[in-house]
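Colleague: Residues in the sequence shown are numbered consecutively from 0, following numbering that gives the first Met the number 0.
Please see the structure below; I have some questions.
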Amino acid sequence: MSAPERLRIATYNVEWFNALFDDDGRLLADATLSARYQTSRAEQAGALGIVFSAMDADAIMVIEAPDTGSKRSSVRALETFAQTFGIRANKAITGFMSETEQEITLLYDAARLTPRHDPIGDPVGKKGSRDAPRFDGTFRYDLNSDAAPELIRFSKPPLELAVATAGGRQFRMIGVHAKSKAPHGARTPEEITRLSIENRRKQLAECIWLRARVEDHLSMGDDLLVMGDFNDGPGLDTFEALFGHSGVEIVLGVDVPPEARMYDPHAAMAQGGRMNLTPTTARFWLNPQKRYFEALLDFIMVSPGLATLHPAWRIWHPWNDPACLKTPELHEALLQASDHFPVTIDLTLP
């Protein structure tokens, strides 16, 4: 009988990671200001090296990973980054290209894991499909109940991976960066409301599409992790009452039997809402209010079978995690590296 395998898997949204590399994937660790406010490229790169090294994860789902395009390669850039800082997870794999300069790419330790890009669903044309097509396709879904389905596309298609461990165990991973609900470009209160509702509908449609894929995997008995930045969470904004549930709750499956639900303890805490004891994974500066705002946006959801293994989740929050707070170098690095903080899960596979 094979010995249990212990894995640490992370999700980490790295703000403006792309700006730290040139077209050849070389790391630009110099005194030039990075896209992070009042932070040089050397400071941000060094901070990221400290954070990735401290996590020491077998796999990191990097959200807002460097761009892939005609000249740039997310895989090349991240492998250069890992080699520069001696990070154990030094191989990278990505999936369908994003329409933006932000990819979803997995860094992993090839001695522990063998991931394969394995997209599920039918390829469809521009007319789309109502049956949850492949994530680089078009999903037909009626967002506003007018009997005229809208055409939904992911600007950042989820990364679907089939993963084998060194011991031969199999599981699935889906990396997610759901649509932002922020009303970018709105100038008047009316425009803010209109764009907020429109973006919320699109974000929910992406999560409905994702939930359909989750149900396919659960019906086949797959062990599954769904992780990344959902730009959403239970009780996060005033529009949740308008639509019934947050996108996170839709992917988790709050209205289905327990055996069909995904689980994330931080989402469960937010759903409980007792005494506002909600963990947070991101920290943003709001200029009009001249203060920081924190939110729970990043999740690692697991299928029922994995949940029974009692994994341990951790948010690497510089203020709220005791070890991060008591380690000055790591504390400062987390604040310099990104506006999001990593989330990890420690799994023991029997």
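No residue lacks a Cβ here, since even glycine has one placed at the ideal position from N, Cα and C.
#1: Would you decide whether Pro-349 is buried or exposed? Buried here means 16 or more other CB atoms lie within 10 Å of its CB.
#2: Strictly under 8 Å for the Cβ-Cβ distance: is Thr-279 near chain C by that measure?
#3: Report the rounded CA-to-CA distance for Ala-131 versus Gly-120, giving the unit in angstroms.
#4: Do you know offhand how far Ala-18's Cα is from Thr-187's?
#5: Tell me the DSSP bridge mates of Leu-106?
#6: Going straight from the alpha carbon of Gln-169 to that of Gln-288, what length do you get?
#7: Roughly how many angstroms separate the alpha carbons of His-176 and Glu-205, rounded to a whole number?
#8: Return the residue from the list Ala-30, Thr-113 and Lys-155 that minimises the CA-CA distance to Arg-133.
#9: From what residue to what residue does the alpha helix (DSSP H) around Glu-78 run?
#10: To the nearest angstrom, report how far apart Thr-79 and Asp-66 are at their CA atoms.
#11: Is Trp-208 buried or exposed, if buried means 16 or more other CB atoms sit within 10 Å of its CB?
#12: In the structure shown, what three-state DSSP assignment does Gly-120 receive?
#13: Could you please give the first and the last residue of the uninterrupted beta strand (DSSP E) stretch that includes His-176?
#14: Nearest CA to the CA of Phe-16: which residue from Asp-338, Asp-345, Ile-344 and Val-342?
#15: Among the candidates Ala-281, Leu-112 and Leu-346, whose CA atom is the shortest distance from the CA of Gln-335?
#16: For Val-408, which of helix, strand or coil comes out of DSSP?
#17: I believe Ala-171 touches Asp-222 by the beta-carbon criterion, under 8 Å. Please report the beta-carbon distance rounded to the nearest angstrom.
#18: So, at 6 Å on beta carbons, what are the nonlocal neighbours of Phe-292 in its own chain, with the 5 sequence-adjacent residues on each side left out?
#19: Pick out whichever of Ile-62, Leu-142 and Ile-151 has its Cα sitting closest to the Cα of Gly-136.
#20: Would Ala-269 and Leu-251 qualify as a contact pair, given that the criterion is a beta-carbon distance under 8 Å?
#21: Between Phe-153 and the rest of its own chain, which residues show a CB-CB distance below 7 Å, the 5 nearest in sequence each way excluded?
#22: Are Glu-159 and Pro-114 closer than 8 Å when you measure CB to CB?
#23: Beta-carbon within less than 7 Å of Ala-44's beta-carbon, same chain only, minus the 5 sequence neighbours each way: which residues are those?
#24: So, Ser-245 versus Asp-231, is the Cβ gap smaller than 8 Å?
#25: Measuring alpha carbon to alpha carbon, tell me which of Gly-304, Leu-47 and His-309 ends up nearest Gly-220.
#26: Is it the case that the region 99-112 contacts the region 72-89, given that we only count it when at least three CB pairs across the two stretches are under 8 Å?
#27: Measure the Cβ-Cβ separation of Ala-34 and Ala-41 and say whether it is below 8 Å.
#28: Mind reading off the beta-carbon distance from Val-225 to Asp-297? Whole number of angstroms is fine, and I expect it under 8 Å.
#29: Quick one: grab the DSSP three-state call for Leu-276.
#30: Should Tyr-262 go down as buried or exposed, given a rule of 16 or more other Cβ atoms within 10 Å for buried?
#31: Along the chain, where does the alpha helix (DSSP H) containing Phe-153 start, and where does it finish?
#32: Out of Leu-142, Lys-178, Gly-167 and Gln-82, point me to the one whose CA is closest to Thr-99's CA.
#33: For Leu-194 and Leu-203, what's the separation of their Cα atoms in angstroms?
#34: So who's on the other strand from Val-253, going by DSSP bridges?
#35: Applying the 10 Å Cβ sphere with the 16-neighbour rule, what's the burial state of Pro-257?
Modeller: Checking against the coordinates, here is how it stands:
#1: On the sequence shown, residue 349 is found 350 positions in, with the first residue counted as 1. Label assigned to Pro-349: exposed.
#2: Structure shown: chain C not included; a single protein chain is present.
#3: Taking the first residue of the sequence shown as 1, we reach residue 131 at position 132. Taking the first residue of the sequence shown as 1, we reach residue 120 at position 121. Going by the C-alpha atoms only, they are around 7 Å apart.
#4: What you label residue 18 is simply residue 19 of the sequence shown in a count that begins at 1. What you label residue 187 is simply residue 188 of the sequence shown in a count that begins at 1. Near 31 Å, if we compare the C-alpha coordinates of Thr-187 and Ala-18.
#5: In the sequence shown, the residue the question calls residue 106 occupies position 107. According to DSSP, which records beta bridges pairwise, Leu-106 is partnered with Ile-59 and Ala-91.
#6: Stepping through the sequence shown from its first residue, residue 169 is reached at position 170. Stepping through the sequence shown from its first residue, residue 288 is reached at position 289. Their Cα atoms are separated by approximately 48 Å.
#7: Taking the first residue of the sequence shown as 1, we reach residue 176 at position 177. Taking the first residue of the sequence shown as 1, we reach residue 205 at position 206. Taking the straight line joining both Cα atoms gives about 10 Å.
#8: Here residue 133 corresponds to residue number 134 of the sequence shown, with the count starting at 1. Among Ala-30, Thr-113 and Lys-155, the Cα nearest to that of Arg-133 is on Lys-155.
#9: The residue you call residue 78 lines up with position 79 of the sequence shown. Its alpha helix (DSSP H) spans residues 73-83.
#10: As a position in the sequence shown, residue 79 is number 80, starting the count at 1. As a position in the sequence shown, residue 66 is number 67, starting the count at 1. If you take the alpha carbons of Thr-79 and Asp-66, they lie about 14 Å apart.
#11: Counting from one through the sequence shown, the residue named residue 208 turns up at place 209. Buried, since its Cβ has 16 or more Cβ neighbours within 10 Å.
#12: Indexing the sequence shown from 1 puts residue 120 at position 121. DSSP places Gly-120 in coil when its eight states are reduced to three.
#13: In the sequence shown, counting from the first residue as 1, residue 176 sits at position 177. First-last of the beta strand (DSSP E) with His-176: 169-176.
#14: As a working mapping, residue 16 is identified with position 17 in the sequence shown. Closest by C-alpha distance to Phe-16, out of Asp-338, Asp-345, Ile-344 and Val-342, is Asp-338.
#15: As a first step, residue 335 must be located in the sequence shown, where it is residue number 336. Sorting Ala-281, Leu-112 and Leu-346 by C-alpha distance to the C-alpha of Gln-335 places Ala-281 at the top.
#16: With the chain covering only 0 through 349, there is no way to say anything about residue 408.
#17: Looking up residue 171 in the sequence shown gives position 172. Looking up residue 222 in the sequence shown gives position 223. Residue identity differs from the one stated: residue 171 is Arg in this sequence, not Ala. About 7 Å; that satisfies the 8 Å criterion.
#18: On the sequence shown, residue 292 is found 293 positions in, with the first residue counted as 1. Here Phe-292 has Phe-283 and Leu-285 as same chain residues with Cβ atoms under 6 Å from its own Cβ, once five neighbours each way along the sequence are excluded.
#19: In the sequence shown, counting from the first residue as 1, residue 136 sits at position 137. When C-alpha distances from Gly-136 are compared across Ile-62, Leu-142 and Ile-151, the shortest belongs to Ile-151.
#20: Against the sequence shown, residue 269 aligns to sequence position 270. Against the sequence shown, residue 251 aligns to sequence position 252. Between Ala-269 and Leu-251, the C-beta spacing is not below 8 Å.
#21: Against the sequence shown, residue 153 aligns to sequence position 154. Result list for Phe-153: Phe-134 and Glu-205, in chain order.
#22: As a position in the sequence shown, residue 159 is number 160, starting the count at 1. As a position in the sequence shown, residue 114 is number 115, starting the count at 1. No, Cβ-Cβ distance for Glu-159 and Pro-114 is not below 8 Å.
#23: Position 45 of the sequence shown holds residue 44. Excluding sequence neighbours, Ala-44 sits near Leu-19, Leu-26 and Ala-28.
#24: As a working note, residue 245 is residue 246 in the sequence shown. As a working note, residue 231 is residue 232 in the sequence shown. Asp-231 is positioned such that its CB atom lies closer than 8 Å to that of Ser-245.
#25: Position 221 of the sequence shown, counted from the start, is the residue given in the question as residue 220. Of Gly-304, Leu-47 and His-309, the smallest CA-CA separation from Gly-220 is found for Gly-304.
#26: The answer is yes - the region 99-112 touches the region 72-89, with three or more Cβ pairs under 8 Å.
#27: Reading the sequence shown from its first residue, position 35 is the one you call residue 34. Reading the sequence shown from its first residue, position 42 is the one you call residue 41. In this structure, Ala-34 lies away from Ala-41, with their beta-carbon atoms at least 8 Å apart.
#28: Translated into positions along the sequence shown, residue 225 becomes position 226. Translated into positions along the sequence shown, residue 297 becomes position 298. Not a contact, Cβ separation roughly 12 Å.
#29: Taking the first residue of the sequence shown as position 1, residue 276 is located at position 277. If DSSP states are grouped into helix, strand and coil, Leu-276 belongs with coil.
#30: Looking up residue 262 in the sequence shown gives position 263. Around the beta-carbon of Tyr-262, 16 or more other beta-carbon atoms lie within 10 Å, marking it buried.
#31: Mapped onto the sequence shown, residue 153 falls at position 154. Here Phe-153 belongs to no alpha helix (DSSP H), and DSSP marks it neither H nor E.
#32: Here residue 99 corresponds to residue number 100 of the sequence shown, with the count starting at 1. Put simply, of Leu-142, Lys-178, Gly-167 and Gln-82 the residue whose alpha carbon is nearest the alpha carbon of Thr-99 is Lys-178.
#33: Counting from one through the sequence shown, the residue named residue 194 turns up at place 195. Counting from one through the sequence shown, the residue named residue 203 turns up at place 204. Near 14 Å, if we compare the C-alpha coordinates of Leu-203 and Leu-194.
#34: Position 254 of the sequence shown holds residue 253. According to DSSP, which records beta bridges pairwise, Val-253 is partnered with nothing at all.
#35: Translated into the one-based positions of the sequence shown, residue 257 becomes position 258. Exposed, by the Cβ-count rule.
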